[in-house]
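Presented below is the structure to which this report refers.
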Amino acid sequence: MNIESLISLLSDLDLPLVFVTGIYVLLTYKLLRESKRANDLNRDAIEKQFGVLTLPHLYCDISKVKNKLTLTIYNIGNVPAYDVDILAIGLYDEEEVDIPTFMVKYVKPTFRTYPLQSNKEGFYGVYDHIVYAVFPFRKKVSVILSFPIRPEDVYILLQYRCGFLGTNYSQIYWFYESFEGREKGTYKLGSLDPKVITPSYRVSYDTNLVLKTEEGQSLPEHIRKHFLDIWNHSIPCGYIDMPFEGAEDRGKWCNI
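According to this note's numbering, the sequence shown is numbered sequentially starting from 30.
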């Protein structure tokens, strides 16, 4: 079509009608876009409500009982959690208690040659392992952690599965020792990662105490960032020269 034919065609059109049609098309597009946005928001709200009703909701805190630390885990959800796994690391500052002294005073003779080293920040740790096959809803359990002396910081890796899907969830808690009046030994939550319940690969450790995922994938980012380094500079509480109650189903249960 040449330019003369195009000009002739445009002159034959009803320009007001073209203008009105264009406005109509534009408004229809905006209406469809807003409708899609509203549907997306509605779907997100339904998914969140579904999660509240169908997922367990676990969280934990730490309190001091005499010179021991008590870890309390809560399930405030409406369904039980399954295959709950907790790794708790108590951190010590080598400037406060050096590793040779710690080994002699608190570690069983059989394990005193273990090559424990502090990390770049000068911390080393002891870890405790606790598991629950089933964690009922609206329940809490309190367990004394198997640390020989009160640590400065405590890191918790909390993992559990949703029953009907088997999806694994995990979070890293960091508790730090603070002051309450003149009394040292109050622990406050310093950070939580991820902030909300998020599916992640299940993490365990092998016979060489190396962290790995069950699926053979890389460790989740929040574990690499907040947990891996201190794990690599810690020893299991089974090496400590004190009674050990085992990992399975420890603690005292109560209703919430």
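Using N, Cα and C, we set each Cβ at its ideal position, and we do this for glycine too.
Taking the straight line between their C-alpha atoms, what separation do you get for residue i and residue j?
{"i": "ILE75", "j": "ILE226", "result": "Bear in mind that the predicted position of ILE75 carries a pLDDT of just 41, short of 50, making it too unreliable to give a figure here."}
{"i": "THR142", "j": "MET132", "result": "8 Å"}
{"i": "ALA276", "j": "HIS158", "result": "6 Å"}
{"i": "TYR234", "j": "CYS266", "result": "15 Å"}
{"i": "TYR110", "j": "VAL160", "result": "The question names Tyr, but residue 110 in the sequence shown is Ala. When rounded, the distance between both Cα atoms is 12 Å."}
{"i": "ASN237", "j": "PRO138", "result": "19 Å"}
{"i": "PRO223", "j": "THR215", "result": "24 Å"}
{"i": "LYS169", "j": "ASP112", "result": "15 Å"}
{"i": "PRO272", "j": "ARG167", "result": "31 Å"}
{"i": "LYS93", "j": "TRP203", "result": "16 Å"}
{"i": "LYS77", "j": "LEU84", "result": "Because the pLDDT of LYS77 is 45, which lies under 50, any placement of that residue in the model is unreliable, and the number read from its coordinates should be weighed accordingly. About 10 Å."}
{"i": "VAL81", "j": "ILE201", "result": "Legend: pLDDT at VAL81 = 48, less than 50; position of this residue unreliable, value from coordinates given subsequently. Rounded to whole angstroms, VAL81 to ILE201 spans 21 Å at the Cα level."}
{"i": "TYR156", "j": "LEU116", "result": "7 Å"}
{"i": "ILE128", "j": "TYR268", "result": "14 Å"}
{"i": "ARG179", "j": "ASP114", "result": "22 Å"}
{"i": "GLY13", "j": "SER171", "result": "Since the first residue of the chain shown is 30 and the last is 285, residue 13 is not available in this structure."}
{"i": "ASN107", "j": "THR130", "result": "48 Å"}
{"i": "SER207", "j": "LYS217", "result": "7 Å"}
{"i": "LYS134", "j": "PRO177", "result": "9 Å"}
Decide if residue i is buried, meaning its Cβ has at least 16 other Cβ atoms within 10 Å, or exposed.
{"i": "PRO228", "result": "exposed"}
{"i": "TRP282", "result": "exposed"}
{"i": "SER199", "result": "buried"}
{"i": "ILE285", "result": "exposed"}
{"i": "ARG279", "result": "buried"}
{"i": "GLY195", "result": "exposed"}
{"i": "VAL239", "result": "exposed"}
{"i": "ARG253", "result": "exposed"}
{"i": "SER175", "result": "buried"}
{"i": "LEU187", "result": "buried"}
{"i": "PHE256", "result": "buried"}
{"i": "PHE164", "result": "buried"}
Taking the Cβ atom as the reference point for each residue, do residue i and residue j lie within a distance shorter than 8 Å?
{"i": "GLY151", "j": "ILE118", "result": "no"}
{"i": "ASP270", "j": "VAL126", "result": "no"}
{"i": "LYS97", "j": "ILE185", "result": "no"}
{"i": "ILE264", "j": "LEU120", "result": "no"}
{"i": "SER147", "j": "GLU181", "result": "no"}
{"i": "CYS89", "j": "ILE102", "result": "yes"}
{"i": "TYR189", "j": "LEU100", "result": "no"}
{"i": "ASP230", "j": "ASN261", "result": "Note on residue identity: the sequence assigns Tyr, not Asp, to residue 230. Taking 8 Å as the Cβ cut-off, TYR230 and ASN261 do not qualify as a contacting pair."}
{"i": "LEU248", "j": "VAL232", "result": "yes"}
{"i": "ILE311", "j": "VAL183", "result": "As displayed, the chain neither begins before 30 nor continues past 285, which places residue 311 out of reach and without an answer."}
Any idea which residues DSSP pairs residue i with across the strands?
{"i": "ALA162", "result": "Answer by DSSP bridge pairing: none, since ALA162 is not bridged."}
{"i": "LYS281", "result": "SER171"}
{"i": "ASP270", "result": "Looking at the DSSP assignment, ASP270 forms no beta bridge with any residue, so it has no partner."}
{"i": "LYS241", "result": "SER233"}
{"i": "ALA110", "result": "PHE164, CYS191"}
{"i": "PRO177", "result": "According to DSSP, which records beta bridges pairwise, PRO177 is partnered with nothing at all."}
{"i": "ASP182", "result": "LEU120, TYR205"}
What is the DSSP secondary structure of residue i, reduced to helix, strand or coil?
{"i": "ILE264", "result": "strand"}
{"i": "GLU76", "result": "With a pLDDT of only 45 at GLU76, under the threshold of 50, the placement of this residue in the model should not be trusted; the figure read from the coordinates follows. Helix, per DSSP."}
{"i": "PRO129", "result": "helix"}
{"i": "TYR135", "result": "helix"}
{"i": "LEU84", "result": "coil"}
{"i": "GLU206", "result": "strand"}
{"i": "THR57", "result": "helix"}
{"i": "LYS224", "result": "coil"}
{"i": "GLU150", "result": "coil"}
{"i": "LYS95", "result": "coil"}
{"i": "ILE259", "result": "helix"}
{"i": "ILE115", "result": "strand"}
Please tell me whether residue i has its Cβ less than 8 Å away from any Cβ of chain B.
{"i": "LYS168", "result": "Looking for chain B here will not work: only one protein chain is present."}
Mind checking whether the beta-carbon of residue i lies closer than 7 Å to any heavy atom of the ligand HEM?
{"i": "PHE131", "result": "Although the ligand HEM was asked about, the structure shown includes no ligands whatsoever."}
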